[in-house]
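Notes follow once the structure below has been shown.
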Amino acid sequence: LQLTQNTVDQIQNLIMNSKQIAIISHANPDGDAIGSVLGLHLVIKKLHKESLAIVPNDFPKFLQWICCSEEIIRYENDSKRAKEYLMTADCIFCLDFNSLDRIGEDMKTILNKSGATKVLVDHHLEPESFADVVYSTTETSSTSEMVFDFLTLSQLKKNISKEAAEALYVGIMTDTGSFKYACNNPKTFKIAAELVEIGIDPEKIHQKVYDTNSENRLRLLGFSISEKLVVLNEYNTAYIYLSKKDLQKFKFKSGDTEGVVNYALSIENINFAAIFIEKKNVVRISFRSKGKFSVNTFARKYYDGGGHQNAAGGNSYISLKNTIKKFEELLPSHKNEIKNSLV
Ligand SMILES: [Mn+2]
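Everything in the sequence shown is counted per our numbering, starting at 5 for the first residue and increasing by one.
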């Protein structure tokens with residue numbers, strides 16, 4: 005499922021020959037979801053083609069400065085318009101997700117009903133086979149990088165404006181934790197350099213994404229580390245847990261817990277980290293690891309989730325307390341794997 009010239013041509017033909025193009029991404033969109041969607045959306049708009057970007061629900065404020073982000077439809081708030089568009093679209097780009105479960109029940113139903121040609125561009129492991137054209141690889145930093153890849157190999161590259169380049173840079177920057185992980189490939193840096201050549205200002209983008217903490221968010225981070233961090237040295241594991249009450253106390257907004265789990269992983273000799281966040285009817289869990297220990301496998305096996313080898317997510321439908329209890333009970337059987345993850 006690597007990118008071949010044939011796939012590139014297919015994608016280019018779809019863009020050029022479609023009257024109505026939809027671009028969608030996963031629920032709780034992150035920087036790469038919004039960055040890849042807007043990067044492609046801006047290129048298609050520049051071609052004077054009709055494009056509508058749709059995501060299941062709201063996305064954080066630190067992504068809302070990106071050009072045309074105000075045009076993105078949240079399915080949750082505007083389902084009628086989104087539904088109509090998806091049903092009549094010629095082509096739907098599905099960016100940055102490997103399973104239709106990631107877009108929610110309602111959007112999933114519409115996507116299955118729509119007669120549009122579906123194109124999947126994604127860097128998660130084991131993609132479901134719902135798309136007609138697939139560009140899937142894990143050998144990349146991000147979906148934004150993959151969008152740049154196929155635009156570069158097509159004749160559409162010249163349509164990447166400074167604004168589109170900014171969007172794609174946000175995706176690459178956020179999915180690599182500012183070039184900290186998932187960027188061992190020189191190509192990622194070459195693309196970043198090309199985006200700078202197009203005219204983006206990386207320093208400004210970094211500030212806009214990372215230096216926009218609310219006071220509440222920063223205090224929630226402090227609280228998470230000082231009060232809600234559990235370190236299990238015996239298992240080279242650390243986790244943070246936040247209850248609904250904790251979140252309310254700090255007036256939680258979507259995106260506020262983004263990256264918090266990485267602080268648990270940053271402890272010396274900790275190879276496995278998790279954060280448990282109590283939501284309405286579910287405990288959302290994010291996993292991170294250093295080295296070989298696959299949190300993708302772990303999340304798939306126990307938490308109806310998945311993602312990447314070193315970053316994955318899942319859900320638990322029992323109480324927060326029992327979720328943590330169950331998690332701690334799983335650790336002994338993975339003790340050596342976690343311990344030797346970096347060996
Ligand atoms: Mn991504």
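Glycine residues also receive a C-beta, built at the ideal position from the N, C-alpha and C atoms.
Contact between the region 112–132 and the region 93–100 (3+ Cβ pairs under 8 Å): At 8 Å Cβ cutoff, the stretches touch.
Assuming Ala303 contacts Ala268 (C-beta within less than 8 Å), just tell me the rounded distance between them. Along the sequence shown, read from residue 1 onward, the residue named residue 303 stands at position 299. Along the sequence shown, read from residue 1 onward, the residue named residue 268 stands at position 264. So it is not a contact: roughly 16 Å between Cβ atoms.
Look up Thr121 in the DSSP assignment and give the residues it is bridged to. Here residue 121 corresponds to residue number 117 of the sequence shown, with the count starting at 1. Beta-bridge pairing links Thr121 to Cys95.
Leaving out five residues on either side along the sequence, give the residues of the same chain with a beta carbon under 7 Å from the beta carbon of Asn340. Locating residue 340 in the sequence shown gives position 336, where the first residue counts as 1. The answer is none, since no qualifying residue turns up.
Curious, which full-length alpha helix (DSSP H) runs of at least 4 residues does the region 275–319 contain? The region 275–319 contains these whole alpha helix (DSSP H) runs: 299–307.
DSSP three-state assignment for Leu129, whether helix, strand or coil: Along the sequence shown, read from residue 1 onward, the residue named residue 129 stands at position 125. In the structure shown, Leu129 sits in coil (DSSP, three-state: anything other than H, G, I, E or B).
Flag this pair as touching only if the region 69–83 and the region 45–59 have three or more C-beta atom pairs under 8 Å; answer yes or no. Contact holds: three or more Cβ-Cβ distances are below 8 Å.
Gly259 and Lys65: beta carbons closer than 9 Å? For the purposes of this step, residue 259 is taken as residue 255 along the sequence shown, with counting starting at 1. For the purposes of this step, residue 65 is taken as residue 61 along the sequence shown, with counting starting at 1. In this structure, Lys65 lies closer than 9 Å to Gly259 by Cβ.
Looking at the secondary structure, which residues open and close the beta strand (DSSP E) in which Val234 lies? Stepping through the sequence shown from its first residue, residue 234 is reached at position 230. Judged by DSSP secondary structure, Val234 falls within the beta strand (DSSP E) whose first and last residues are Leu233 to Leu236.
Using a threshold of 8 Å, is the CB atom of Gly259 nearer than that to any non-hydrogen atom of ligand 1? Start at 1 with the first residue of the sequence shown, and residue 259 comes out as number 255. Outside the cutoff, so no.
Below 9 Å between beta carbons: does that hold for Ser320 and Val286? As a position in the sequence shown, residue 320 is number 316, starting the count at 1. As a position in the sequence shown, residue 286 is number 282, starting the count at 1. In terms of Cβ geometry, Ser320 and Val286 form a close pair [threshold 9 Å].
Given a threshold of 16 other Cβ atoms within 10 Å of its Cβ, counted over all protein chains shown, does His127 qualify as buried or as exposed? By one-based count along the sequence shown, residue 127 stands at place 123. If you draw a 10 Å sphere on the C-beta of His127, you find 16 or more other C-beta atoms in it, and that means buried.
When every heavy atom of ligand 1 is checked, does at least one fall within less than 8 Å of the C-beta of Ser146? Taking the first residue of the sequence shown as position 1, residue 146 is located at position 142. Ligand 1 approaches Ser146 closely enough that one of its heavy atoms is under 8 Å from the residue's Cβ.
Pairwise C-alpha distance: Asp105 and His30: The residue given as residue 30 occupies position 26 in the sequence shown. The residue given as residue 105 occupies position 101 in the sequence shown. A direct Cα-to-Cα measurement between His30 and Asp105 gives close to 9 Å.
Going along the chain, which residues of its own chain have a beta-carbon closer than 7 Å to the beta-carbon of Ile165, five neighbours each way excluded? As a position in the sequence shown, residue 165 is number 161, starting the count at 1. The amino acid at residue 165 is misidentified as Ile; the sequence shows Ser. Excluding positions up to five away in sequence, the list reads Leu46 and Lys50.
Taking the continuous beta strand (DSSP E) assigned at Gln9, which residues delimit it? For the purposes of this step, residue 9 is taken as the residue at position 5 of the sequence shown. In the DSSP annotation of this structure, Gln9 is not part of any beta strand (DSSP E); the continuous alpha helix (DSSP H) holding it starts and ends at Gln9 to Asn21.
Thinking C-alpha only, which one of Met111, Phe134 and Asp100 is nearest Glu88? In the sequence shown, residue 88 corresponds to position 84, counting from 1. When each option's Cα is compared against that of Glu88, the closest is Met111.
Determine, using beta-carbon pairs with one atom in the region 172–179 and one in the region 32–42, whether at least three such pairs fall under 8 Å. Contact holds: three or more Cβ-Cβ distances are below 8 Å.
Can you tell me where the beta strand (DSSP E) with Glu170 in it begins and where it stops? Within the sequence shown, numbered from 1, the residue matching residue 170 stands at position 166. Counting along the chain, Glu170 falls outside any beta strand (DSSP E), though it belongs to the alpha helix (DSSP H) covering Lys166 to Asp179.
Should Phe280 and Thr216 be called a contact, given that it needs their Cβ atoms to be closer than 9 Å? Mapped onto the sequence shown, residue 280 falls at position 276. Mapped onto the sequence shown, residue 216 falls at position 212. Their beta carbons are not under 9 Å apart, which means Phe280 does not touch Thr216 by this criterion.
Return helix, strand or coil for Tyr185, following the three-state DSSP convention. Taking the sequence shown and counting its residues from 1, one reaches residue 185 at position 181. Tyr185 falls in the coil class under three-state DSSP.
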